[in-house]
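Mapping of the sequence shown onto this note's numbering: residues 1 to 229, in sequence order. Cβ atoms here follow ideal geometry from the backbone N, Cα and C, with glycine treated the same way. Predicted, not measured: the structure shown is a model, and the values here were computed from it. So the structure is just underneath, and the comments pick up after that.
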Amino acid sequence: MKMWAIIKKEVKSYFLSPIAYIFIGLFLFMSSIFFYLDVYVGGVVNFEYMFYSLSTILTFVIPILTMRMFSEERKNGTEQILYTSPRSITSIVLGKFISATIVMVICEICMLLYLGILMYFGTPHIASALITLFGFLLLSMAYIAFGMFASSITENQIIAGVITIAGFLIIWFMPGFYSKLSTFSLINVFSNTFPQGMMTYQAMTLFTSFTILFIILTIIVIARRKSVK
């Protein structure tokens, strides 16, 4: 129940500020452009195809959701409330993570409209489309976890956003420096599996492990800061 209260509070804060509307609006705007270019211009009647491009867009839009998670509270001096709250640090971190994930889920629900359009004009592969959406959510959750961690280590929102984008770019380009690292590149693994209708153990393990790792690191950062207060 304590975590549910945090989730409600955080989701409400997203929609009482411009953040959720900017994020959802920007994401749907970009996805509609890719959908138009792929389907109407490129003639590719394939729901999954646009996710190759959308996976890179996450690099630049996820920080909109995550950069204020903890940094704003540190800057405003309200972080002390977290330390004196009866709620556990784990509940607070998970609550913030889940609330950002909910905003991402709303985006994906809206994107079902594209699938509906394709169903009206053709016969898209529904199972493959749903696998792609699921994989995209896993990728988004991994990015949210990293962005949340970046927000926990600085009180400056802009710096948190820059750290998040820089981290994503390193993950994105690291296979170019050492090919064996391609198995750890989130975008590479996503592109080679889910949009092709494949849900592999490697991909599931990578995304889940990455997400859990940075959730744990965030908990450690917040817990250590609490211990010195």
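- Taking all protein chains in view, the Cβ of residue 56 is surrounded by fewer than 16 other Cβ atoms within 10 Å, so the residue is classified as exposed.
- Cβ-Cβ separation between residue 144 and residue 66: approximately 6 Å, consistent with a contact (criterion under 8 Å).
- Cβ-Cβ distances below 7 Å link residue 98 to 7 in the same chain, with the five nearest sequence neighbours on each side left out; the list follows chain order.
- In the structure shown, residue 154 falls within a coil segment according to DSSP collapsed to helix, strand and coil.
- Taking a 10 Å sphere around the C-beta of residue 195, we find 16 or more other C-beta atoms and assign the residue as buried.
- The beta carbon of residue 69 sits closer than 7 Å to the beta carbons of 96, 148 and 151 from its chain, once the five residues preceding and following it are set aside; these are given in chain order.
- Between residue 24 and residue 131 the beta-carbon gap is near 23 Å, outside 8 Å, which marks them as no contact.
- Check the Cα spacing between residue 208 and each of 134, 223 and 88: the tightest is with 134.
- Its chain contains 48 and 197 as the residues whose beta carbon lies nearer than 7 Å to that of residue 128, once the 5 sequence neighbours on both sides are disregarded; these appear in chain order.
- In the DSSP annotation of this structure, the continuous segment of the alpha helix (DSSP H) that includes residue 105 starts and ends at 89-121.
- Sorting 139, 168 and 100 by C-alpha distance to the C-alpha of residue 211 places 139 at the top.
- About 7 Å separates the beta carbons of residue 184 and residue 206, which is inside the 8 Å limit, making them a contact pair.
- Counting C-beta pairs closer than 8 Å gives fewer than three between the region 111-125 and the region 154-168, which falls short of the contact rule.
- Here residue 72 carries a helix assignment [DSSP, helix/strand/coil].
- Here DSSP, grouped into helix, strand and coil, assigns residue 161 to helix.
- Residue state for residue 185 is assigned as coil, using DSSP reduced to three classes.
- Residue 146 holds the alpha-carbon nearest to the alpha-carbon of residue 93 among 146, 63, 17 and 62.
- By the CB criterion at 7 Å, residue 61 and residue 26 fall inside the cutoff.
- Residue environment: residue 18 is assigned as exposed (fewer than 16 neighbouring CB atoms within 10 Å of its CB, all protein chains considered).
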